[in-house]
Amino acid sequence: MNAQNDEKGASISQAAKRLGMDSFSLYGLIQLDKVRPQRARWGELVILQVEMDRILQRPSGAPDNAEKAR
Amino acid sequence: MLKRDGQMCKYNVPGFVGRLTRAEFDAYNEAFDVIKDEFAALEQIKNDLKALTADPGIFQIPDSHFGGQFVETQADERADLKVHWNVCSRLLKLSHSDVLLCERMAGDEKEFAVIERYRTDSPYARANGNAAVLLSGNDPALVVQDYAANAQHTLRFMASNMVGMAQTVVWERFASQNPSRVIRAISDRCAQAAGEAQNEIQMQILERRMAQRQAMGQRQSMGQSA
Numbered sequence: 016m017n018a019q020n021d022e023k024g025a026s027i028s029q030a031a032k033r034l035g036m037d038s039f040s041l042y043g044l045i046q047l048d049k050v051r052p053q054r055a056r057w058g059e060l061v062i063l064q065v066e067m068d069r070i071l072q073r074p075s076g077a078p079d080n081a082e083k084a085r
Numbered sequence: 622m623l624k625r626d627g628q629m630c631k632y633n634v635p636g637f638v639g640r641l642t643r644a645e646f647d648a649y650n651e652a653f654d655v656i657k658d659e660f661a662a663l664e665q666i667k668n669d670l671k672a673l674t675a676d677p678g679i680f681q682i683p684d685s686h687f688g689g690q691f692v693e694t695q696a697d698e699r700a701d702l703k704v705h706w707n708v709c710s711r712l713l714k715l716s717h718s719d720v721l722l723c724e725r726m727a728g729d730e731k732e733f734a735v736i737e738r739y740r741t742d743s744p745y746a747r748a749n750g751n752a753a754v755l756l757s758g759n760d761p762a763l764v765v766q767d768y769a770a771n772a773q774h775t776l777r778f779m780a781s782n783m784v785g786m787a788q789t790v791v792w793e794r795f796a797s798q799n800p801s802r803v804i805r806a807i808s809d810r811c812a813q814a815a816g817e818a819q820n821e822i823q824m825q826i827l828e829r830r831m832a833q834r835q836a837m838g839q840r841q842s843m844g845q846s847a
């Protein structure tokens with residue numbers, strides 16, 4: 016479950032912000048196996064973009080609304 | 622006073638028995654800064670959970686603030702089928718969601734559920750629905766108690782990942798300064814924050830069970846003497 020080198024992934028707090036939820040809620044979804052994180056180099060959990068797309072039920076690679084707004 | 626690498630060990634940080642050098646203290650502060658928001662959230666939720674375990678039965682009593690409110694969740698067996706729940710009370714208020722105790726009639730019996738209700742405008746809610754059942758059962762006090770125990774696990778999980786986040790900062794920026802004590806200090810603080818909550822909750826559950834047993838024993842002895 017190591018994160019791929021070519022993608023850093025979002026930290027839990029960054030991913031939670033993009034999903035519009037609290038980090039605590041996202042940790043709960045991970046425990047329920049509804050969200051599948053990867054482990055970065057020092058053990059920190061990260062959410063890859065492909066997983067964000069799966070959670071948000073959109074085609075992989077579709078632009079993030081948060082990014083579009085920037 | 623102890624010295625390490627030619628520096629005085631004179632800086633105290635919460636939850637760590639040792640003292641840090643100036644360099645270690647700077648590394649500690651920089652790493653803790655990354656997790657400070659999650660740490661604050663953890664402490665807030667930990668405090669809120671105490672109320673759930675102190676008297677889980679009280680949440681069954683309808684809260685006037687939620688009178689007439691309902692939520693709809695997706696049925697397990699069919700995603701297009703909605704299940705209607707009446708809100709009894711709020712267990713936790715988070716920044717972007719509420720955790721609610723809800724009830725409905727399932728046949729002849731009442732069913733209770735802990736439901737997380739997200740803001741309808743959140744990207745997650747738009748894709749997955751704005752309410753999800755976290756757990757359910759027919760005894761509201763047990764449902765609340767189980768939720769508190771699960772939430773406690775989540776806090777410990779959160780604390781362990783916070784240590785991972787802090788380690789990332791420390792090893793990437795302070796690797797040349799032998800940062801093991803900095804990591805230990807952060808790890809101890811996070812473990813204590815999550816661990817204290819667990820101890821308190823377990824103590825409250827134990828006390829309540831003992832009180833229930835005593836009450837049952839008194840009732841039995843009164844029944845025998847009657």
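In order, the protein sequences belong to chains F and A.
Following our numbering, the numbering of the first sequence begins with 16 at its first residue and continues without gaps.
Following our numbering, the numbering of the second sequence begins with 622 at its first residue and continues without gaps.
From the three backbone atoms N, C-alpha and C, an ideal C-beta is built for every residue, glycine too.
Asked, Found
"Residues in the same chain with beta-carbon distance under 8 Å from A/ILE682, minus the five sequence neighbours each way, listed in chain order, please.", "CYS709 and SER710"
"Residues in its own chain within less than 6 Å of A/ILE656 by CB, not counting five upstream and five downstream?", "MET783, MET786 and ALA787"
"Is there a Cβ from chain A that is less than 7 Å from the Cβ of F/MET36?", "yes"
"Decide if A/GLY622 is buried, meaning its Cβ has at least 16 other Cβ atoms within 10 Å, or exposed.", "As written in the sequence, residue 622 of chain A is Met, which differs from the Gly given in the question. Exposed."
"Strictly under 7 Å for the Cβ-Cβ distance: is A/ILE666 near chain F by that measure?", "yes"
"Could you check the C-alpha separation between A/LEU713 and A/ASP719 for me, to the nearest Å?", "6 Å"
"Go ahead and pull the three-state DSSP assignment for F/GLN72.", "coil"
"Mind checking A/MET726: buried by the 16 CB within 10 Å criterion, or exposed?", "exposed"
"Roughly how many angstroms separate the alpha carbons of A/ALA770 and A/GLY688, rounded to a whole number?", "27 Å"
"Can you grab the Cα-Cα spacing for the pair A/LEU670 / A/ASP626, in whole Å?", "43 Å"
"CB-CB under 6 Å to A/GLU659, same chain, minus the five flanking residues each way: which ones, in chain order?", "MET783"
"Short check: CB of A/GLU730 to CB of A/ASN707, under 7 Å?", "no"
"Could you check whether the Cβ of F/GLY24 sits closer than 7 Å to any Cβ belonging to chain A?", "no"
"Within 7 Å of any Cβ in chain A, is that where the Cβ of F/LEU71 sits?", "yes"
"Near F/SER28, what residues of its chain come up, given a Cβ to Cβ distance below 6 Å and the 5 sequence neighbours on each side ignored?", "SER38"
"Taking the beta carbon of F/GLY87 as the centre, do at least 16 other beta carbons fall within 10 Å, making it buried, or is it exposed?", "Lying before the first or after the last residue shown, residue 87 of chain F is absent from chain F, which here runs from 16 to 85."
"Rounded to a whole number of angstroms, what is the C-alpha to C-alpha distance between F/LYS49 and A/MET629?", "48 Å"
"Taking 6 Å as the limit between beta carbons, can you name the residues of its chain near A/ALA762, skipping five residues before and five after?", "PRO677 and GLY678"
"If you reduce the DSSP assignment to three classes, tell me which class A/ILE736 lands in.", "strand"
"Any beta carbon of chain F sitting closer than 7 Å to that of A/SER808?", "no"
"Which of helix, strand or coil does DSSP assign to A/HIS686?", "helix"
"Taking buried to mean at least 16 other C-beta atoms within 10 Å of its own C-beta, is A/LEU722 buried or exposed?", "buried"
"Any residues in the segment 704 to 726 of chain A with a beta carbon nearer than 7 Å to a beta carbon of chain F? Which ones, in chain order?", "LEU715, SER716, HIS717 and SER718"
"Do A/VAL754 and A/THR694 have their C-beta atoms closer together than 7 Å?", "yes"
"F/LEU60 to A/GLY728, Cα distance in whole Å?", "43 Å"
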